[in-house]
Every structure is written in structure tokens, then in C-alpha cells.
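Worksheet for the structure shown next.
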Amino acid sequence: MDWNAALGLVPRTPTAEPSPLGSLVHRPTLYSRNGVTWASVRCWASQAKAADIAALRAQKALPLSPVLAPAADEIAGLAERLIGKAASVTTVPCGHSRRPDCFGKQLAVAVADRLAVPFQQYFEDRFVRGASHPKEFRKLAPISWIDVPSHPGIVLLVDDVATSGWHMEEALTALRGKGCAAVGIAWISGTVTVSNGSRSSAHGSDWTATL
């Protein structure tokens, strides 16, 4: 399946363009939740977090957001640093957007294009109503498979925002339970406060480590 065509994406060469959400802090970091670790490229700046969350929500509501391209460039760049060559790229299930072409899936497809590897949708979309909040996640139906990776090599799991890491933990655990080597990268995780040239961070995960 041509996922670029299906989601209306135009393949492009990676660039060094800054993110349209310029208040985000570039801070490649590892996070862990219940023994499951993922990486992220950027984090929220505490002083601008509310405004940037609102801006990202507005971008995610667009059919094709200009934020996608720089975000995909950054995730692909970090993936190449961490794992080298992935065998395929997938995403956590689309959910609260209630769209099969949700921002997270578009982002994963764009990352796959930059890495020149296939995008594969391994999980069924799981549309839900209400706010995307960790307290609501326990009400979700169990993850449902469309296909199980059969190739050797690493599956790169992509998400746009990993707040508590719940979806990352769920999807990575599912992939690894099928015997897959899976690595997760989110574009945004965590919050950092910048004060007098120093940074302090906060996140709901078990631990973090700046790369």
C-alpha cells in the first residue's frame, strides 16, 4: 500500500528547518515506564507549555500539518543515531482524533519515508471519545493486531507526544511479546524549566536520561 498517497503526504528530503512550534526544547532523552524505555527528541518548555499544547492541537486538526515535516526529520535523525537502519516503522493506534489519518500515523509514515523503509500498520485504530489523559487509558480496549512483523530487524514505533508513556509501554510490550526487536521514539516527552541558563525537568516516567 502507498501510505504516502493514502495520507496525502509528499516525500521530501530531510532538512534542518526549525520546528514551527519554536518554544519546544531540543533535548533528546530516554524515558522509562515499568521497565519499558523509549526516546524523545523534544520536550515542552514549562513557560510556554500551555500555549504550545494548544498550538499543537490546532496543527493536529489540520488535514496535513506543516509541523509534520520538521518533526519527521528530527525523529528520523534520532532513529539513525540510536539504531542505525530500522526494518519498518509503525505507530501507536490512532485514538482520540477519531481519524484513520491521525497526526501520529502521518508522522510515522513521514519518518518511514525519510528512513527509506516501509511503514506498516500493525495495530488496529482504536477510536475513543473524551480527553487524551492517562487516567482514561485504563478504559481502552486491548490492543488489536492487523498484522504481525515477520521480518528480521528493528521495528521503529513512532508517537507524536508521549506524556506518561502509557501508549509507548503498551505498544512496545505488544511488539516485543511477538518476538520483535522494537524501539520507540516520540517527538515530544517531558517538560523542562529553563532558569538562569540551567534546566530542570519533570516527567511521569520511572526515570530519564539525557542523550
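Numbering (our numbering), first residue to last: 3 to 213. Don't be surprised by glycine CBs; every beta carbon is placed ideally from N, CA and C. Just so it is clear, the structure is predicted and the values come from calculations on it, not from any experiment.
Same chain, Cβ closer than 7 Å to residue i, neighbours up to 5 away in sequence not counted
i, result
"Arg-14", "With a pLDDT of 47 at Arg-14, under the threshold of 50, the predicted position of this residue should be treated as unreliable, though the coordinate-derived value follows. Within the same chain, Arg-14 has close Cβ partners Ala-71."
"Ala-74", "Leu-109, Ala-112, Val-113, Arg-116"
Counted within 10 angstroms of its Cβ, other Cβ atoms place residue i as buried (16 or more) or exposed
i, result
"Val-38", "buried"
"Val-157", "buried"
"Ala-78", "buried"
"Gly-167", "buried"
"Gly-186", "buried"
"Ser-152", "exposed"
"His-28", "exposed"
"His-64", "Checking the sequence shown, residue 64 turns out to be Leu, not His. Exposed."
"Val-150", "exposed"
"Tyr-44", "Reading off the sequence, residue 44 comes out as Arg, not Tyr. It counts as buried."
"Val-91", "buried"
"Lys-107", "buried"
Supposed contact pair residue j and residue i - C-beta distance, whole angstroms, cut 8 Å
i, j, result
"Trp-147", "Phe-129", "At roughly 17 Å, the Cβ-Cβ gap does not stay under 8 Å, so Trp-147 and Phe-129 are not in contact."
"Asn-36", "Glu-172", "Contact flag wrong, Cβ pair sits at about 10 Å."
Cutoff 8 Å; reference residue i; Cβ partners in own chain excluding five residues on either side
i, result
"Thr-17", "Per-residue confidence for Thr-17 stands at a pLDDT of 40, beneath the threshold of 50, marking its modelled position as unreliable; the derived number appears in the next sentence. Around Thr-17: Ala-71, Pro-72, Asp-75."
"Ala-183", "Gly-155, Ile-156, Val-157"
Contact set for residue i: own chain, Cβ-Cβ below 6 Å, skip 5 residues either direction
i, result
"Gln-61", "Ser-67, Val-69"
"Gln-123", "Ile-148"
beta-carbon residue i near the ligand ADP non-hydrogen atom, thresh 7 Å
i, result
"Lys-87", "As far as ligands go, the structure on display features none, and thus does not contain the ligand ADP."
> Do the segment 85 to 98 and the segment 51 to 65 meet, that is, are 3 or more Cβ pairs less than 8 Å apart?
Replying inline: no
> Which full runs of the alpha helix (DSSP H) of 4+ residues lie inside the segment 87 to 120, going along the chain?
Replying inline: DSSP runs (the alpha helix (DSSP H)) wholly in the segment 87 to 120: 105 to 117.
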